[in-house]
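K.L.:
Number of protein chains: 2
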Amino acid sequence: MIAKSLDLLKKNNLSKTESRKGILDLFLHTNGALAHADIEKKTAAAFDRVTVYRTLQTFVDYGIIHQIPTTDNTILYALCKDDCEAGHHHDEHVHFVCNKCENTICLDDVIVPKVKLPKGFQPSQVAMVVRGVCVVCKN
Amino acid sequence: MIAKSLDLLKKNNLSKTESRKGILDLFLHTNGALAHADIEKKTAAAFDRVTVYRTLQTFVDYGIIHQIPTTDNTILYALCKDDCEAGHHHDEHVHFVCNKCENTICLDDVIVPKVKLPKGFQPSQVAMVVRGVCVVCKN
DNA sequence: AAATAATTTGCAACCATATTGCAAAATGGT
DNA sequence: ACCATTTTGCAATATGGTTGCAAATTATTT
Chain A
-8 MIAKSLDLLK
2 KNNLSKTESR
12 KGILDLFLHT
22 NGALAHADIE
32 KKTAAAFDRV
42 TVYRTLQTFV
52 DYGIIHQIPT
62 TDNTILYALC
72 KDDCEAGHHH
82 DEHVHFVCNK
92 CENTICLDDV
102 IVPKVKLPKG
112 FQPSQVAMVV
122 RGVCVVCKN
Chain B
-8 MIAKSLDLLK
2 KNNLSKTESR
12 KGILDLFLHT
22 NGALAHADIE
32 KKTAAAFDRV
42 TVYRTLQTFV
52 DYGIIHQIPT
62 TDNTILYALC
72 KDDCEAGHHH
82 DEHVHFVCNK
92 CENTICLDDV
102 IVPKVKLPKG
112 FQPSQVAMVV
122 RGVCVVCKN
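Chains as they are written, first to last, in our numbering: chain A, -8 to 130; chain B, -8 to 130.
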């Protein structure tokens, strides 16, 4: 469990820089999804904004994290499960956004059900976001 | 079919202004979803940016249009079906984003399937976005 | 139809978020 | 330790969105 971030970087042939390691560690120690702003806060602005943007983009490109669609014009990112590869995400699980604590949680065990699309539509990726009250806030 | 936008405005007790009518007409004549930038372009900047933002917000509040979550930090809007009301959307249909033409289409007839969440999670709203190739671009 | 009240618009200014070019710094391979 | 390559950070710029307020438009009253 020590230095799992380094393993991940090595596995993807990414150079081990402070920012990549730091941001990846943050994801590994966070349960839910993170927005760019969260990352800036939680890393105490140790890295330049631009570096954070580029690092996130790199991680998405390499299939280390994935994006979660939102309706408030921010982008959320969360760790991919182990079987994601560069250029091809398999993050077919449901995301849950809590209306109280506003955290976004990956429900890794809840897979997105298949839907039947109208004739001619060819799906390649599905995202499902459920809003509601999470298990922590339900009381 | 003439002046359906006026009907819609009247039904919601909204004053009939040029911008509301114009923007609503645009939605009525567009098949897919629209982003703020699309609206500015297609109305030839006839209305102020601020007016467009406020008009969209008003339409969302009154249940005339709904927002579609995206992963590119924009907000998409699309017409609601008839049974939406102020403050309460029933737009539980699937949205399709085409990777080729980049249009977003409401699949009004494909309703979002129910999923079983882990114990303690209480859902209130579900969004589902499918990416792929649409019926127009499939060839 | 004119006058008034209420709402909406447009402008200016502002803030937040995101991207690009480029020089300096850090990393990896030899 | 050196050098080629990649990554970082800064500055500048672009894009997206909000707020306050006066002017204009719409609705209401008479």
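All C-beta atoms in this analysis are idealised placements derived from N, C-alpha and C, irrespective of residue type, glycine included.
Along chain A, in chain order, which residues have C-beta atoms closer than 8 Å to that of Q48 of chain B?
P.N.:
Those do not exist, as Q48 of chain B stays about 13 Å from chain A at its closest Cβ, beyond 8 Å.
K.L.:
Compute the Euclidean distance between the alpha carbons of V121 of chain A and A118 of chain B, then round it to the nearest angstrom.
P.N.:
Cα to Cα, V121 of chain A sits roughly 6 Å from A118 of chain B.
K.L.:
Is the stretch 100 to 112 of chain B in contact with the stretch 28 to 44 of chain B, if contact means three or more CB pairs nearer than 8 Å?
P.N.:
With a cut-off of 8 Å, the stretch 28 to 44 of chain B and the stretch 100 to 112 of chain B do not count as touching, because too few Cβ pairs lie within range.
K.L.:
If I follow the unbroken alpha helix (DSSP H) through L0 of chain B, where does it start and stop?
P.N.:
Taken as a continuous stretch (DSSP letters only), the alpha helix (DSSP H) holding L0 of chain B covers -5 to 2.
K.L.:
Please report the straight-line C-alpha distance between M(-8) of chain B and A28 of chain A, rounded to a whole angstrom.
P.N.:
Confidence in M(-8) of chain B is poor, its pLDDT being 48 and thus under 50, which makes the residue's placement unreliable; the coordinate value appears in the next sentence. Spanning the two alpha carbons is a distance of roughly 46 Å.
K.L.:
A26 of chain A: which of A:Q48, A:N130, A:V127 sits nearest, CA to CA?
P.N.:
Minimum Cα distance to A26 of chain A is reached at A:Q48.
K.L.:
Over the uninterrupted beta strand (DSSP E) stretch that includes F41 of chain A, give me the two end residues.
P.N.:
Sequence check: residue 41 of chain A is Val here, not Phe. Counting along the chain, V41 of chain A falls outside any beta strand (DSSP E), though it belongs to the alpha helix (DSSP H) covering 40 to 52.
K.L.:
Would you call the stretch 57 to 74 of chain A and the stretch 61 to 70 of chain B touching, i.e. three or more CB-CB distances under 8 Å?
P.N.:
Touching, yes.
K.L.:
Closest to N22 of chain A by C-alpha separation, out of A:V126, A:V124, A:I96, would be which residue?
P.N.:
With distances taken between Cα atoms, N22 of chain A lies closest to A:I96.
K.L.:
Out of B:P114, B:D99, B:T8, B:L5, which one is the CA nearest neighbour of A24 of chain B?
P.N.:
When each option's Cα is compared against that of A24 of chain B, the closest is B:D99.
K.L.:
Assign R11 of chain A to buried or exposed, taking buried as 16 or more other Cβ atoms, counted over all protein chains shown, within 10 Å of its Cβ.
P.N.:
Classification for R11 of chain A: buried.
K.L.:
According to DSSP, is G144 of chain B helix, strand or coil?
P.N.:
Examination of residue 144 of chain B is not possible in this model, given that chain B is present from -8 through 130 alone.
K.L.:
State the start and end residues of the unbroken alpha helix (DSSP H) segment that holds A28 of chain B.
P.N.:
Segment 27 to 33, the alpha helix (DSSP H) holding A28 of chain B.
K.L.:
Check the Cβ of G23 of chain A against every Cβ in chain B and list those closer than 8 Å, keeping chain order.
P.N.:
Residues of chain B passing the Cβ test: none, with the nearest at roughly 13 Å.
K.L.:
Could you tell me which of B:E31, B:Y53, B:K72 sits nearest to S6 of chain B, measuring between CA atoms?
P.N.:
Per the Cα distances, B:Y53.
K.L.:
Name the chain A residues that come within less than 7 Å of G111 of chain B, Cβ to Cβ?
P.N.:
V126, K129, listed in chain order.
K.L.:
Report the residues of the stretch 43 to 68 of chain A with a CB closer than 8 Å to any CB of chain B, ordered along the chain.
P.N.:
Listed by position, the residues of the stretch 43 to 68 of chain A near chain B (Cβ gap below 8 Å) are Q58, I59, P60, T61, T62, D63, N64, T65, I66.
K.L.:
Closest by CA to T8 of chain A, which one among A:I56, A:L70, A:S(-4)?
P.N.:
Nearest of A:I56, A:L70, A:S(-4) to T8 of chain A, Cα basis: A:S(-4).
K.L.:
Could you compute how far the alpha carbon of V101 of chain B sits from the alpha carbon of T42 of chain A?
P.N.:
Their backbone Cα atoms lie some 41 Å apart in a straight line.
K.L.:
My assumption, with CB atoms under 8 Å, is that L0 of chain B sits in contact with L15 of chain B. Please give the rounded CB distance.
P.N.:
Yes, L0 of chain B and L15 of chain B are in contact; Cβ-Cβ is about 7 Å, under 8 Å.
K.L.:
Taking only runs that begin and end inside the stretch 84 to 123 of chain B, name each unbroken beta strand (DSSP E) of 3 or more residues, in chain order.
P.N.:
Fully enclosed beta strand (DSSP E) runs of 3 or longer: 84 to 89, 95 to 102.
K.L.:
Roughly how far, in whole angstroms, is the beta-carbon of Q113 of chain A from the beta-carbon of K129 of chain B, given that I think they are within contact range, below 8 Å?
P.N.:
That belief holds up - the Cβ atoms of Q113 of chain A and K129 of chain B are roughly 6 Å apart, short of 8 Å.
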